[in-house]
Amino acid sequence: MDRIPILRMGPFLLVTIQVDLYDRLALDLEADLVKMVSKTGAQGILIDISAVSIVDSFMGRIIGNIGVMAKLLDAETVVVGMQPAVAITLVELGLPLKGVFTALNVERGMDLLKSKIQLFEQDETDPENDSDDHITE
Amino acid sequence: MGVEITKILKKSQAALLERWMKNQLADMGLREDLMSNEDLRAESEELINALVKSLNEKNLSEPGSSDFDHVIEILGGISISRARQGFSPRETGLSIISLKEALIELLQESVTDPKELVDISLKLHRLMDSFVITTFETFIKGREEVILRQTDEISEISTPVIRVWEGILALPIIGTLDSARTQVVMESLLTEIVESGSSVAILDISGVPTVDSLVAQHLLKTVSATRLMGAECIISGIRPEIAQTIVHLGIDLSEIVTKATLASALLYAFKTLRLEVRKPAVKTSF
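Going line by line, the protein sequences match chains L and B. If you use this note's numbering, the first sequence corresponds to residues 1 to 137, in order. If you use this note's numbering, the second sequence corresponds to residues 138 to 423, in order.
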């Protein structure tokens, strides 16, 4: 059975969606991601959807849900690389994905996540050490 | 009798052309500035040739006959070219009607029996009238094509996406923002964002005459789509009247960054990108 791999990179989780999502796959991804966040204590999720060319309202909702669920588990979600057609479709469907951050590409998405984490952890001594803890965990 | 008309026409084809030319030239509406005499003659000759060739006793009373396809084609060509050259519908119509007059005059001279003359004139009238109507139809079609092309051109030229700075795009919107325009604006803006990797887009609406709830909704859609792409969208060029309308209509634009002028929007964009514009220190050369 198909599964979308979730990669761990420091305090972040990386998901690259390389296939067109069908409903089952999207639901699995949602469940996997939430489990993964709670297991690893990740602070940020980066979802790359640059290869996704078709979305429907269900897909849009799943992405929005992931954002809200991650937020409940104290992690920020960034969706990157959305194609213009996909963006227009989502807006026309009335799904502006309020719960998630967006960035143009993976690089900027990473920068955004880092700045968000730093923002929340300004009082902590060194956020880099924090991320190392997670890796050795 | 029917054979007679084709005979008459074939015999006096040259005379018919002369007569028609005379009629057209005598017409007050003839525009020498738009079309030279030689062109007009060539056009008229082509039409008369085709007409004489296709006209016979049988199809004289059936204007819809397929025998006249070639004639109608030529007529269409004439009226479309005149529509493009800027002739008025009256001028175009009159020039075809004057052919009818020339034909009737010719018949008057050749047919002696009054009964026959009336009969044949009536038929000819009907035929020529249908040609005139066809001419008008094509003329209007030609004009409509011109209008459609201009509409397309307007919507294309009025949505340029400008790179004002590294990472900053500006999109001045001029004219009314309807659904079709919004689609074009949104697509070109989003494509340009991907291509240039910009993170700030400025939507300048100083050229939009009125903002109603529909236009506001289109603006909101564009802003949301830009945000989904990972860029920030600023709306600038909001005139006082438009601000009033927006508030009176109860449209909520509080989630969007709005600026009064393009300059202040640009300044905001610089701040977002952590850029700074400064005057260089004055050189003291002495």
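Virtual Cβ for every residue (Gly too), placed ideally from N, Cα, C. Computed from a predicted structure; not experimentally measured.
Taking 9 Å as the CB-CB cut-off, is residue i touching chain B?
{"i": "N105 (chain L)", "result": "yes"}
{"i": "I47 (chain L)", "result": "no"}
{"i": "M82 (chain L)", "result": "yes"}
{"i": "I62 (chain L)", "result": "no"}
{"i": "E92 (chain L)", "result": "yes"}
{"i": "A87 (chain L)", "result": "yes"}
{"i": "K34 (chain L)", "result": "The question names Lys, but residue 34 (chain L) is Val in the sequence shown. No, V34 (chain L) lies away from the interface with chain B (no Cβ there is under 9 Å from its Cβ)."}
{"i": "L97 (chain L)", "result": "yes"}
{"i": "I135 (chain L)", "result": "Summary for I135 (chain L): the model assigns pLDDT 40, below 50, so the residue's position carries little reliability; its value from the coordinates is reported in the next sentence. So, not an interface residue."}
{"i": "D67 (chain L)", "result": "Residue 67 (chain L) is actually Gly in this sequence, not Asp. No, its Cβ sits nowhere closer than 9 Å to a Cβ of chain B."}
{"i": "T40 (chain L)", "result": "no"}
{"i": "G109 (chain L)", "result": "yes"}
{"i": "T102 (chain L)", "result": "yes"}
{"i": "V79 (chain L)", "result": "yes"}
So what does residue i bridge to, in DSSP terms?
{"i": "S373 (chain B)", "result": "B:D341"}
{"i": "L14 (chain L)", "result": "L:L7 and L:L46"}
{"i": "P309 (chain B)", "result": "B:D341"}
{"i": "W302 (chain B)", "result": "B:I305"}
{"i": "F101 (chain L)", "result": "L:V78"}
{"i": "V208 (chain B)", "result": "V208 (chain B) is not bridged to any residue."}
{"i": "V427 (chain B)", "result": "Look at the range of chain B in this structure, 138 to 423, and you will see that residue 427 (chain B) is not part of it."}
Just confirm the distance between the C-beta atoms of residue i and residue j, as a whole number of angstroms; I'd bet it's less than 8 Å.
{"i": "A362 (chain B)", "j": "M323 (chain B)", "result": "6 Å"}
{"i": "I311 (chain B)", "j": "G344 (chain B)", "result": "3 Å"}
{"i": "M366 (chain B)", "j": "M82 (chain L)", "result": "6 Å"}
{"i": "A152 (chain B)", "j": "L264 (chain B)", "result": "Rounded, the Cβ-Cβ distance is 20 Å, inconsistent with contact."}
{"i": "V52 (chain L)", "j": "V86 (chain L)", "result": "6 Å"}
{"i": "W157 (chain B)", "j": "S235 (chain B)", "result": "6 Å"}
{"i": "D56 (chain L)", "j": "I17 (chain L)", "result": "At roughly 14 Å, the Cβ-Cβ gap does not stay under 8 Å, so D56 (chain L) and I17 (chain L) are not in contact."}
{"i": "V189 (chain B)", "j": "Q245 (chain B)", "result": "Going by Cβ atoms, the distance from V189 (chain B) to Q245 (chain B) rounds to 18 Å, so no, they are not a contact pair."}
{"i": "I372 (chain B)", "j": "T395 (chain B)", "result": "5 Å"}
{"i": "V78 (chain L)", "j": "L46 (chain L)", "result": "5 Å"}
{"i": "L184 (chain B)", "j": "L212 (chain B)", "result": "7 Å"}
{"i": "V208 (chain B)", "j": "S191 (chain B)", "result": "6 Å"}
{"i": "A380 (chain B)", "j": "I339 (chain B)", "result": "Not confirmed; about 18 Å, so no contact."}
{"i": "L326 (chain B)", "j": "L308 (chain B)", "result": "5 Å"}
{"i": "G279 (chain B)", "j": "I217 (chain B)", "result": "4 Å"}
{"i": "G109 (chain L)", "j": "V80 (chain L)", "result": "4 Å"}
Taking CB distances under 9 Å as the criterion, tell me whether residue i reaches chain L.
{"i": "A362 (chain B)", "result": "yes"}
{"i": "Q320 (chain B)", "result": "yes"}
{"i": "V394 (chain B)", "result": "no"}
{"i": "A368 (chain B)", "result": "yes"}
{"i": "S292 (chain B)", "result": "no"}
{"i": "L306 (chain B)", "result": "no"}
{"i": "G230 (chain B)", "result": "no"}
{"i": "S335 (chain B)", "result": "yes"}
{"i": "T398 (chain B)", "result": "no"}
{"i": "T328 (chain B)", "result": "yes"}
{"i": "V331 (chain B)", "result": "yes"}
{"i": "E210 (chain B)", "result": "no"}
{"i": "L365 (chain B)", "result": "yes"}
{"i": "M323 (chain B)", "result": "yes"}
Within 10 angstroms of its Cβ, does residue i collect 16 or more other Cβ (buried), or is it exposed?
{"i": "E369 (chain B)", "result": "buried"}
{"i": "Q118 (chain L)", "result": "exposed"}
{"i": "I355 (chain B)", "result": "Reading off the sequence shown, one finds His at residue 355 (chain B), where the question assumed Ile. Result: buried."}
{"i": "N193 (chain B)", "result": "exposed"}
{"i": "R415 (chain B)", "result": "exposed"}
{"i": "V15 (chain L)", "result": "buried"}
{"i": "L259 (chain B)", "result": "exposed"}
{"i": "E137 (chain L)", "result": "With a pLDDT of only 35 at E137 (chain L), under the threshold of 50, the placement of this residue in the model should not be trusted; the figure read from the coordinates follows. It counts as exposed."}
{"i": "I291 (chain B)", "result": "exposed"}
{"i": "D74 (chain L)", "result": "exposed"}
{"i": "Q161 (chain B)", "result": "buried"}
{"i": "T229 (chain B)", "result": "buried"}
{"i": "S181 (chain B)", "result": "buried"}
{"i": "Q43 (chain L)", "result": "buried"}
{"i": "A418 (chain B)", "result": "exposed"}
{"i": "K39 (chain L)", "result": "exposed"}
{"i": "L357 (chain B)", "result": "buried"}
{"i": "L7 (chain L)", "result": "exposed"}
Relative to chain L, which residues along the region 345-358 of chain B have a C-beta separation below 8 Å, given in chain order?
-> K358
Given a limit of 8 Å on CB to CB distance, which residues of the region 259-283 of chain B reach chain L?
-> none
Selection of the region 15-31 of chain L by Cβ proximity to chain B, strictly under 9 Å = none
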